[in-house]
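Colleague: Below is a structure I'd like to ask you about.
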Amino acid sequence: MGKKILDSKILYIFLSVLIAIALWFYVTSLDGNEDSKLITNIPVTFVGEETLEQRGLMIVGDPPRVSVRVSAAPMVLARLDNQSLQVTVDVSQITEASQYTLAYTVALPAGVNSSQVQFLSGQTGNVTFTVARYTSRQIEIQGQFVGTAAEGYLPGSSDDFVFSPTTLTVSGQADLVNQIAYVRVTVDGEDLTESINGDYPYEFIGIDGEPLEDLDVEVDSETIHVSFPIYAMAEIPLQVTLVAGGGASSSNASYELSEDTILVAGSSQAVAAIQEEGGLTIAAIDLATVRDGDQLKLSIPLADELTNISGFTEVTVTIHIDNGLETRTIETSNIDYINCPSGWRARVLTQVLNVEIRGTPELVESVIEENVIVSVDLSTIHEAAGQYSVAATVYLNSVGTVDQIGVMNNGYEVVVELSRG
1 MGKKILDSKI
11 LYIFLSVLIA
21 IALWFYVTSL
31 DGNEDSKLIT
41 NIPVTFVGEE
51 TLEQRGLMIV
61 GDPPRVSVRV
71 SAAPMVLARL
81 DNQSLQVTVD
91 VSQITEASQY
101 TLAYTVALPA
111 GVNSSQVQFL
121 SGQTGNVTFT
131 VARYTSRQIE
141 IQGQFVGTAA
151 EGYLPGSSDD
161 FVFSPTTLTV
171 SGQADLVNQI
181 AYVRVTVDGE
191 DLTESINGDY
201 PYEFIGIDGE
211 PLEDLDVEVD
221 SETIHVSFPI
231 YAMAEIPLQV
241 TLVAGGGASS
251 SNASYELSED
261 TILVAGSSQA
271 VAAIQEEGGL
281 TIAAIDLATV
291 RDGDQLKLSI
301 PLADELTNIS
311 GFTEVTVTIH
321 IDNGLETRTI
331 ETSNIDYINC
341 PSGWRARVLT
351 QVLNVEIRGT
361 PELVESVIEE
371 NVIVSVDLST
381 IHEAAGQYSV
391 AATVYLNSVG
401 TVDQIGVMNN
411 GYEVVVELSR
421 G
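Residues 1 to 421 (this note's numbering) make up the sequence shown, in order.
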């Protein structure tokens with residue numbers, strides 16, 4: 001089989017033609033025979049653009065292109081095209097935004113010198129281009145949510161968007177960059193129960209509020225990372241704690257609130273935690289400080305992780321105390337002090353203090369002066385001679401229990417004189 005191929009006349013004819021063509025190219029390249037060629041669509045490279053940027057300028061639009069016709073030996077001509085030829089324009093002397101027409105220069109590729117190539121046209125010429133003002137701005141990013149949250153959930157507001165980067169740097173022709181009022185990121189989704197986190201595309205919004213299409217500018221990020229909350233909602237009972245005192249306790253005192261519940265929103269974990277607590281305790285009320293019918297305005301303390309959806313930030317608490325309790329005022333001179341500063345001497349100037357007590361009628365009537373004790377703590381008093389009004393603690397000695405009888409907390413004070421011991 002191999003011998004038949006070698007003996008084939010067709011094969012020998014083909015090889016002869018191929019060798020002849022190769023010899024013809026070689027001979028024509030040596031004997032100086034030349035051909036011509038039109039090379040089109042050669043892009044212009046601008047030299048000195050860095051200098052333009054330093055002056056706040058930039059070249060806008062597509063780079064101009066030129067054409068040249070050259071003559072050269074076929075082997076040289078084969079190396080010349082619109083990629084190997086380099087056309088340059090020096091723009092380093094430009095200082096103002098305007099339209100310019102400048103001369104260009106054509107450079108041959110490495111390994112080809114000017115003695116091998118004759119330019120028939122296009123070796124010299126001019127190109128026209130535009131220089132505009134260049135600017136770079138950090139643009140505000142805004143978000144919009146166009147989806148829906150599932151039942152029992154609430155999407156955040158526009159203020160709840162978190163972006164990374166926090167602003168978008170936009171650079172380019174000043175006339176284009178300055179059209180941008182802000183960058184808008186749009187997120188969506190249906191029946192969402194989880195917060196949104198991800199990278200999203202964006203659009204430029206003009207001063208008229210309309211999107212700007214096909215704006216030829218440069219940006220430092222092609223997408224924006226967006227975090228947007230989807231809150232769980234729950235209606236939470238409001239409550240207060242009644243602290244026994246002044247002869248009253250939760251067994252003979254009660255309260256009512258102007259609002260019994262509050263609607264809150266937050267992360268699923270935060271809402272679940274407050275639901276597990278059975279309600280929101282807004283205050284602890286010392287019953288020794290209130291009387292039947294007293295009304296107190298209390299602020300609603302919410303954890304930072306929760307948002308008040310209801311809108312009201314305080315409630316009114318009305319206190320109810322059993323009418324079977326009585327009050328009585330007793331004068332007492334049983335006033336003493338503790339924790340007098342070392343090296344000092346104290347003298348109580350207040351001789352008698354009127355103390356109000358409350359409790360069951362039998363216990364209230366049984367109290368005598370000796371049962372009422374007034375104590376003044378001097379540990380926080382300034383170590384300087386003089387007279388001081390000091391808060392006093394008043395309690396009953398050996399009379400009933402705290403939920404049967406007690407002292408009303410009326411902010412008792414005693415005047416004490418301090419002198420060197």
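We put the beta carbon where it would ideally sit given N, CA and C, even for glycine.
Please name the residue, chosen from 420, 321, 114 and 332, that lies closest to residue 404 on a Cα-to-Cα basis.
Modeller: Counted from its first residue, the sequence shown places residue 404 at position 404. Per the Cα distances, 321.
Colleague: May I ask you to list the residues that DSSP assigns as paired with residue 233?
Modeller: On the sequence shown, position 233 is the one that residue 233 refers to. Note: residue 233 sits in a beta bridge opposite 265.
Colleague: Counting along the chain, where does the alpha helix (DSSP H) carrying residue 399 start and finish?
Modeller: In the sequence shown, counting from the first residue as 1, residue 399 sits at position 399. No alpha helix (DSSP H) contains residue 399, which DSSP labels as neither H nor E.
Colleague: Please indicate yes or no: does the CB of residue 358 lie closer than 7 Å to some heavy atom of the ligand NAP?
Modeller: This structure does not include the ligand NAP; it has no bound ligands of any sort.
Colleague: Under 8 Å between the Cβ atoms of residue 218 and residue 134?
Modeller: As a position in the sequence shown, residue 218 is number 218, starting the count at 1. As a position in the sequence shown, residue 134 is number 134, starting the count at 1. No, they are not a contact pair.
Colleague: By how many angstroms is the C-alpha of residue 113 removed from the C-alpha of residue 30?
Modeller: Along the sequence shown, one-based indexing puts residue 30 at 30. Along the sequence shown, one-based indexing puts residue 113 at 113. With a pLDDT of 47 at residue 30, under the threshold of 50, the modelled position of that residue is not reliable, and the figure given next carries that caveat. Their backbone Cα atoms lie some 16 Å apart in a straight line.
Colleague: Can you check the segment 37-84 for any beta strand (DSSP E) of at least 3 residues that lies completely inside it and give the ranges in chain order?
Modeller: List check, beta strand (DSSP E) in window: 57-60 and 65-72.
Colleague: Can we say the segment 182-200 touches the segment 223-236, given the rule of at least three CB pairs closer than 8 Å?
Modeller: The segment 182-200 is in contact with the segment 223-236.
Colleague: Taking 8 Å as the threshold (C-beta atoms), are residue 371 and residue 396 in contact?
Modeller: For the purposes of this step, residue 396 is taken as residue 396 along the sequence shown, with counting starting at 1. For the purposes of this step, residue 371 is taken as residue 371 along the sequence shown, with counting starting at 1. Yes.
Colleague: Have a look at 362, 109, 308 and 390 and flag the residue whose alpha-carbon is nearest the alpha-carbon of residue 346.
Modeller: Taking the first residue of the sequence shown as position 1, residue 346 is located at position 346. Among 362, 109, 308 and 390, the Cα nearest to that of residue 346 is on 390.
Colleague: Quick check: the segment 288-305 against the segment 203-213, are there 3 or more CB pairs under 8 Å?
Modeller: The answer is no - the segment 203-213 does not touch the segment 288-305, with fewer than three Cβ pairs under 8 Å.
Colleague: Could you round the C-beta distance between residue 259 and residue 312 to whole angstroms and report it? I think they count as a contact, below 8 Å.
Modeller: Taking the sequence shown and counting its residues from 1, one reaches residue 259 at position 259. Taking the sequence shown and counting its residues from 1, one reaches residue 312 at position 312. 6 Å between Cβ atoms; contact.
Colleague: Which of the three DSSP states, helix, strand or coil, is assigned to residue 391?
Modeller: Residue 391 sits at position 391 when you count from the first residue of the sequence shown. Residue state, collapsed to three classes: strand.
Colleague: Which residue from 384, 351, 406 and 42 puts its Cα closest to that of residue 413?
Modeller: If you number the sequence shown from 1, residue 413 lands on position 413. Per the Cα distances, 351.
Colleague: In chain order, what residues of the same chain lie with their CB nearer than 8 Å to the CB of residue 117, ignoring the 5 residues before and after it?
Modeller: On the sequence shown, position 117 is the one that residue 117 refers to. Answer for residue 117: 70, 71, 72, 76, 80 and 108, listed in chain order.
Colleague: Which complete alpha helix (DSSP H) runs does the segment 138-218 hold, if anything under 4 residues is left out?
Modeller: Fully enclosed alpha helix (DSSP H) runs of 4 or longer: 174-177.
Colleague: Please name the residue, chosen from 88, 327 and 399, that lies closest to residue 410 on a Cα-to-Cα basis.
Modeller: Mapped onto the sequence shown, residue 410 falls at position 410. Comparing Cα positions, the closest option is 327.
Colleague: Roughly how many whole angstroms lie between the Cα atoms of residue 10 and residue 16?
Modeller: The residue given as residue 10 occupies position 10 in the sequence shown. The residue given as residue 16 occupies position 16 in the sequence shown. Cα to Cα, residue 10 sits roughly 10 Å from residue 16.
Colleague: In three-state terms, what does DSSP make of residue 114?
Modeller: Stepping through the sequence shown from its first residue, residue 114 is reached at position 114. Looking at residue 114 - three-state DSSP - the assignment turns out to be helix.
Colleague: Go ahead and pull the three-state DSSP assignment for residue 356.
Modeller: Your numbering for residue 356 matches position 356 in the sequence shown. Residue 356: strand per DSSP, three-state reduction.
Colleague: Going by DSSP in three states, residue 275 sits in which element: helix, strand or coil?
Modeller: Position 275 of the sequence shown, counted from the first residue, corresponds to residue 275. In this structure, residue 275 counts as helix in the three-state DSSP scheme.
Colleague: By alpha-carbon positions, which one of 383, 324 and 239 ends up nearest to residue 364?
Modeller: Looking up residue 364 in the sequence shown gives position 364. If we check each option's Cα against that of residue 364, 324 comes out closest.
Colleague: Would you kindly report the start and end of the unbroken alpha helix (DSSP H) that includes residue 364?
Modeller: As a first step, residue 364 is located in the sequence shown; it is residue number 364 there, counting from the start. Segment 361-366, the alpha helix (DSSP H) holding residue 364.
Colleague: Please go through the same chain and pick out, in chain order, the residues whose beta-carbon is closer than 7 Å to the beta-carbon of residue 379, but skip the five residues on each side of it.
Modeller: Here residue 379 refers to the residue found at position 379 when the sequence shown is read from its first residue. Within the same chain, residue 379 has close Cβ partners 339.
Colleague: Tell me, to the nearest whole angstrom, how far the beta carbon of residue 205 is from that of residue 149; I am working on the premise that it is less than 8 Å.
Modeller: Walking along the sequence shown from the start, residue 205 turns up at place 205. Walking along the sequence shown from the start, residue 149 turns up at place 149. Contact doesn't hold; Cβ gap of about 25 Å is too wide.
Colleague: Given residue 271, which residues of its chain have a CB within under 6 Å of its CB, disregarding the five upstream and five downstream residues?
Modeller: For the purposes of this step, residue 271 is taken as residue 271 along the sequence shown, with counting starting at 1. Excluding positions up to five away in sequence, the list reads 232 and 234.
Colleague: Roughly how many whole angstroms lie between the Cα atoms of residue 157 and residue 167?
Modeller: Against the sequence shown, residue 157 aligns to sequence position 157. Against the sequence shown, residue 167 aligns to sequence position 167. Spanning the two alpha carbons is a distance of roughly 19 Å.
Colleague: Should residue 249 go down as buried or exposed, given a rule of 16 or more other Cβ atoms within 10 Å for buried?
Modeller: The sequence position of residue 249 within the sequence shown is 249, counting from 1. Its Cβ being crowded by 16 or more others within 10 Å, residue 249 is buried.
Colleague: Please look up how many angstroms separate the CB atoms of residue 127 and residue 66, rounded, as I've assumed it's under 8 Å.
Modeller: Here residue 127 is taken as the residue at index 127 of the sequence shown, counted from 1. Here residue 66 is taken as the residue at index 66 of the sequence shown, counted from 1. With 8 Å as the limit, residue 127 and residue 66 qualify as a contact, their Cβ atoms being about 7 Å apart.
Colleague: Going by DSSP in three states, residue 417 sits in which element: helix, strand or coil?
Modeller: The residue labelled residue 417 in the question sits at position 417 within the sequence shown. It is a strand residue.
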